[in-house]
Amino acid sequence: MMVLREVLKVTTAALKLGSRHLKNVSSKTSSYSSKTSGTMESQVLRAVYKEQFHPRTYMDVYGRLTGEAITSMAENLHRMFQSDLAQGESLLEVGSGPTLLNSLLASSRFNYIVLSDLVEANRLELQKWLNKDKDAIDWTFRAEEIAAMEGYSDVKKGALEILNRTRKAIRKVVPCDVLEPRVLPEEHREAFDVVLSVGCLDSAAADHESFRNAVRNVGTLAKQGGLLIIVGMGGVKSYPVGTADFTHANLTENVLKEAVIDAGFEMKQYQSKKLGQVLDSPDTFRFCLTARKT
């Protein structure tokens with residue numbers, strides 16, 4: 003929270019200098035639209051991500067997590083992608099971060115995948131992997147886990163097949179901003195059969211109002227009859243990456259479900275599990291939600 007408070011002080015001070023200075027900044031930095039949704043706190047949080055989020059530090063802390071939470075999330079997504087609910091061939095992941103776990107899972111079902119993220123350094127990490135750069139993050143260990151999940155008798159051979167099919171399925175890595183009404187830059191904007199958010203919408207919004215706006219914005223990218231899949235954490239106020247703390251939306255189940263319905267979706271599946279005390283929050287829960295655009 004300390005980083006966010008300090009940036010908020012700076013932003014508030016900038017406001018006092020007059021609107022002329024802010025207009026100059028906006029014209030240079032916005033390539034989406036002239037109207038950004040979300041509260042001041044969420045817009046400040048966006049600036050913190052751009053300045054303070056380091057993908058390698060994130061991977062050191064969270065990238066190799068194992069255990070029931072990761073396994074359960076992966077199995078839920080795997081079942082969803084293989085179910086009758088998932089139709090079509092295209093999938094957009096909003097807020098991919100520097101991670102490829104979700105793409106490794108999705109490539110079993112979708113052959114047109116677009117990854118997106120706000121932070122340029124995250125997009126560069128994903129592009130390194132696609133280019134097979136020597137310093138790219140190695141995702142073999144996750145591919146082996148998925149190979150076992152998919153029933154490969156030889157998980158090492160299966161992992162290679164999964165890595166290859168995922169590289170083939172990912173068509174591009176593009177910028178995104180869920181606080182912008184159109185989310186993607188105009189040249190990359192299209193409609194998708196499935197829009198997926200894993201740990202993005204709940205961490206990109208500093209409050210409930212901004213979360214509702216973000217869900218509404220992202221929902222416009224789903225085709226009519228398409229799916230919106232949101233996986234995340236509720237009851238979390240902030241989470242650390244290295245020395246930085248990033249504010250979280252502190253969702254409740256009611257806020258989550260109402261935001262999805264208000265965005266024009268019909269709930270199809272909802273799973274949650276109470277986790278208790280996590281990240282200094284007493285009422286933490288994880289959730290996986292699937293909804294169809296009406």
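Under this note's numbering, think of the first position of the sequence shown as 3, with each following residue one higher.
Virtual Cβ for every residue (Gly too), placed ideally from N, Cα, C.
Outcome for residue i when other beta-carbon atoms lying within 10 angstroms are tallied against a minimum of 16
{"i": "Lys170", "result": "exposed"}
{"i": "Lys295", "result": "buried"}
{"i": "Asp204", "result": "buried"}
{"i": "Ala150", "result": "exposed"}
{"i": "Gly237", "result": "buried"}
{"i": "Arg66", "result": "exposed"}
{"i": "Cys290", "result": "buried"}
{"i": "Asn166", "result": "exposed"}
Through-space distance from residue j to residue i, alpha-carbon basis
{"i": "Ala246", "j": "Ser155", "result": "42 Å"}
{"i": "Phe267", "j": "Lys136", "result": "42 Å"}
{"i": "Asn252", "j": "Thr286", "result": "9 Å"}
{"i": "Asn133", "j": "Ile172", "result": "12 Å"}
{"i": "Asp62", "j": "Asn219", "result": "31 Å"}
{"i": "Ala207", "j": "Ile164", "result": "33 Å"}
{"i": "Val243", "j": "Phe143", "result": "22 Å"}
{"i": "Ala161", "j": "Thr101", "result": "16 Å"}
{"i": "Arg288", "j": "Ala76", "result": "13 Å"}
{"i": "Thr73", "j": "Ser110", "result": "17 Å"}
{"i": "Ser199", "j": "Ala108", "result": "12 Å"}
{"i": "Leu79", "j": "Lys239", "result": "25 Å"}
{"i": "Cys178", "j": "Gly69", "result": "30 Å"}
{"i": "His56", "j": "Trp131", "result": "17 Å"}
{"i": "Asn113", "j": "Ala123", "result": "25 Å"}
{"i": "Glu300", "j": "Met82", "result": "Absent from the structure is residue 300, since the part of the chain shown begins at 3 and ends at 296."}
Test: residue i CB closer than 9 Å to a CB of chain C
{"i": "Leu128", "result": "Among the chains in the structure shown there is no chain C, since it carries only a single protein chain."}
Bridge partner(s) assigned by DSSP for residue i
{"i": "Thr286", "result": "Gly278"}
{"i": "Lys174", "result": "Val116"}
{"i": "Tyr154", "result": "Paired residues: none, contrary to the question."}
{"i": "Thr168", "result": "Per DSSP, none; premise fails for Thr168."}
Distance between beta carbons of residue j and residue i, contact taken as under 8 Å
{"i": "Ala88", "j": "Leu230", "result": "That pair is no contact at about 12 Å."}
{"i": "Val176", "j": "Ser118", "result": "5 Å"}
{"i": "Thr94", "j": "Phe213", "result": "A small fix is needed here, since residue 94 is Leu in this sequence, not Thr. About 19 Å; that fails the 8 Å criterion."}
{"i": "Lys52", "j": "Leu120", "result": "7 Å"}
{"i": "Val180", "j": "Ala216", "result": "4 Å"}
* Pick out the complete beta strand (DSSP E) segments inside the segment 56-136, 3 residues or longer, and give them in chain order. => Taken in chain order, the whole beta strand (DSSP E) runs of length 3 or more contained in the segment 56-136 are 92-95 and 114-119.
* To do: Starting from the N-terminal side, write out each stretch of the alpha helix (DSSP H) that is 4 residues or longer and does not extend beyond the segment 180-248.
  => Entirely contained in the segment 180-248, the alpha helix (DSSP H) runs reaching 4 residues are, in chain order, 203-206 and 210-221.
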